[in-house]
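Residue numbering for the sequence shown is 638 to 1010, as defined by the working numbering. To start, the structure under review is shown below, and the notes come after it.
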Amino acid sequence: MDEINIGKIISRERKARKITQEDLAEFAGVSKASVSKWENGMSYPDVTLLPELAAFFNISIDELMNYSPQMTTADIRKLYREISDEFSSDEFDAVFGHIEKIAKKYYSCFPLLMQLAILLLNHCNLAGTPDKMQQAIDYMANLCRRIIDESGDARLCRQAESILAMTYMMQNRFADVVDLLCDEGFDPLDKDSRASLLAKAYTALGKTDKARMVLQSDIYTSMILLLSDVDMLIAMPGEDAEKVDEYIRWGDGLIETFDIKSLNFNSALIHLLSSAAILAGRGDTDGALQRLTEYTDICCKVKWPISLHGNKYFDTLDESIKTLDLSGDAPRSEKLVRDSMADSVIMNPAFGALKGTKGYEDIVARLSSLKEE
């Protein structure tokens, strides 16, 4: 949807000059009620008044109009899916140009800019050359900086900061990541308690369904982040082998306890892949193959199209997922997801020592067939 925000500009300029609605109404030859409707977005000034109003506030007509094209959430979701499919069928340069064109038109639609940045984050590896990939990373970072500087939306700003930090990581700018994320101080033991407080408030109001939804969503998010942190510990350079074995058990326990294979199979795949790589590096061929077989079993049982969903115990999760920017849809096209699943094993140098073994070749054959479906 395209929005003309003239009412906000009239209100802002009038208040900045300490002019009353009556004063402005008298100047424009309209009623005070008309000015009030302009400022509340209920109506627009007559087009013949625009030059006079712009002159009155000493601004251009363009500034007065503050024309700011916007997209609805539904349109953003639809566009994301369309461009995601383009990445699997068209040349990267063409799709990147499409993204640039859309961003230029909707440069003040910050939720859209966020999704365009996420699109590039998930597909910049398809750029083909280091220079093109760097161009995509730089563009992604600029979108994030605009969101942080201009959106005024705390949730979007947090997302943009996370993606901006990822762009720094991709460029080995590790000190910049630390500076960005620790800009206002970081307490590793400080977990945001807003979800718990909100759930308590809903319970006190008798709104137990809402309280249950908040708590289930918080637990779901926390367990996925916890498993991700465990996997980072597993892959930590120089970590003690005994500790790594315990970390692997932690991850296995989380997956089993919360049935993560069905709730968020990608998180389970990442854990199996990272732990298999560690075991292969130690020369534990049987252990690595057992985990890669489990990885392959999950890949071959995926129901397409994939989407986030709840289960018997996370029975409010489906409703929460509907509020997400992509409504639980996969961030990449089915073809790219299939290819990534297979190539994460087939093209992974960590499993070079397993090549030639029957178990590994069987796994490669199964994953290769997944790419061809």
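Beta carbons are placed, not taken as given, at the ideal position from N, Cα and C, and that holds for glycine. Since the model is a prediction, treat every value here as computed from it, not as a measurement.
DSSP bridge partner residues for P986 (one or two, in chain order): Residue numbering aside, residue 986 sits at position 349 when the sequence shown is read from its first letter. Paired residue(s): none; P986 is not in a bridge.
Between the CA atoms of L1004 and G765 - distance to the nearest angstrom: The count along the sequence shown starts at 1 and reaches residue 765 at position 128. The count along the sequence shown starts at 1 and reaches residue 1004 at position 367. If I take the Cα positions, the gap works out to 23 Å.
Cβ neighbours of S680 in the same chain (closer than 6 Å, five flanking residues each side left out): For the purposes of this step, residue 680 is taken as residue 43 along the sequence shown, with counting starting at 1. Within the same chain, S680 has close Cβ partners K674.
Straight-line gap, M860 to L891 (C-alpha atoms, nearest Å): The residue labelled residue 860 in the question sits at position 223 within the sequence shown. The residue labelled residue 891 in the question sits at position 254 within the sequence shown. For M860 and L891, the distance between alpha carbons rounds to 7 Å.
I943 versus E956, S957, T930 and K972, residue with shortest Cα-Cα distance: Walking along the sequence shown from the start, residue 943 turns up at place 306. Of the candidates E956, S957, T930 and K972, the one whose C-alpha sits nearest the C-alpha of I943 is K972.
The segment 725 to 745 touching the segment 978 to 988, judged by at least three CB pairs closer than 8 Å: no
Spatial distance of A791 from C781 (CA atoms): The residue given as residue 791 occupies position 154 in the sequence shown. The residue given as residue 781 occupies position 144 in the sequence shown. Whole-angstrom Cα-Cα distance: 13 Å.
L929, buried or exposed, once every other Cβ within 10 Å from all chains shown has been counted against 16: Counted from its first residue, the sequence shown places residue 929 at position 292. With 16 or more Cβ atoms within 10 Å of its Cβ, L929 is classed as buried.
Cβ-based neighbour list, V851, same chain, cut-off 6 Å, excluding 5 preceding and 5 following: To locate residue 851, count along the sequence shown from 1; it is residue 214. Hits under 6 Å: A832, L835 and A836.
DSSP-derived helix/strand/coil call for S725: Residue numbering aside, residue 725 sits at position 88 when the sequence shown is read from its first letter. Three-state result, S725: helix.
7 Å CB neighbourhood of V881 in its chain, flanking five on each side removed: Here residue 881 refers to the residue found at position 244 of the sequence shown. Counting only Cβ-Cβ distances below 7 Å, and skipping sequence neighbours, we find I871 and I915.
With 16 other Cβ atoms within 10 Å as the buried cut-off, status of D923: Start at 1 with the first residue of the sequence shown, and residue 923 comes out as number 286. When all chains shown are included, D923 counts as exposed.
Beta-carbon proximity check, N762 vs R969, cutoff 7 Å: On the sequence shown, position 125 is the one that residue 762 refers to. On the sequence shown, position 332 is the one that residue 969 refers to. No, the pair does not count as a contact, with Cβ atoms beyond the cut-off.
Coil, strand or helix - S830 by DSSP: In the sequence shown, residue 830 corresponds to position 193, counting from 1. Three-state DSSP puts S830 in coil, outside helix and strand.
Buried or exposed by the 16-neighbour rule on C-beta atoms within 10 Å, applied to V684: In the sequence shown, residue 684 corresponds to position 47, counting from 1. Exposed is the call here.
S957 classed as buried or exposed, judged by whether at least 16 other C-beta atoms fall within 10 angstroms: On the sequence shown, position 320 is the one that residue 957 refers to. Its Cβ being crowded by 16 or more others within 10 Å, S957 is buried.
Residue(s) in a DSSP beta bridge with L944: Against the sequence shown, residue 944 aligns to sequence position 307. A small correction: the amino acid at residue 944 is Ser; Leu does not occupy that position in the sequence shown. Answer is D966, bridged to S944.
Cβ contact (3+ pairs, closer than 8 Å) linking the segment 770 to 781 and the segment 792 to 801: yes
Spatial distance of A754 from D955 (CA atoms): Numbered from 1 along the sequence shown, position 117 holds the residue referred to as residue 754. Numbered from 1 along the sequence shown, position 318 holds the residue referred to as residue 955. Cα-Cα distance, rounded: 25 Å.
Pair within 7 Å by beta-carbon distance, I885 and S865: For the purposes of this step, residue 885 is taken as the residue at position 248 of the sequence shown. For the purposes of this step, residue 865 is taken as the residue at position 228 of the sequence shown. No, these two residues do not count as a Cβ contact at 7 Å.
N- and C-terminal bounds of the alpha helix (DSSP H) containing C936: Within the sequence shown, the letter at position 299 stands for residue 936. Run containing C936: T922 to K938, per the alpha helix (DSSP H) assignment.
Residue closest to F895, alpha-carbon to alpha-carbon, out of L687, L863 and K655: As a working mapping, residue 895 is identified with position 258 in the sequence shown. Nearest C-alpha to F895: L863.
Sequence ranges, alpha helix (DSSP H) only - wholly within the segment 734 to 805, length at least 4: 747 to 760 and 767 to 787
Continuous alpha helix (DSSP H) stretch holding L863: start and end: Taking the sequence shown and counting its residues from 1, the one referred to as residue 863 is at position 226. Where L863 is concerned, the enclosing alpha helix (DSSP H) stretches over T845 to I871.
Terminal residues of the alpha helix (DSSP H) in which E883 lies: Position 246 of the sequence shown, counted from the start, is the residue given in the question as residue 883. Run containing E883: A878 to F895, per the alpha helix (DSSP H) assignment.
K1008 and R975 closer than 7 Å at C-beta: As a working note, residue 1008 is residue 371 in the sequence shown. As a working note, residue 975 is residue 338 in the sequence shown. Yes; because the gap between Cβ atoms is below 7 Å, this pair is in contact.
Buried or exposed (CB count within 10 angstroms, at least 16 for buried), S721: If you number the sequence shown from 1, residue 721 lands on position 84. Classification of S721: buried, given that the 10 Å Cβ count is 16 or more.
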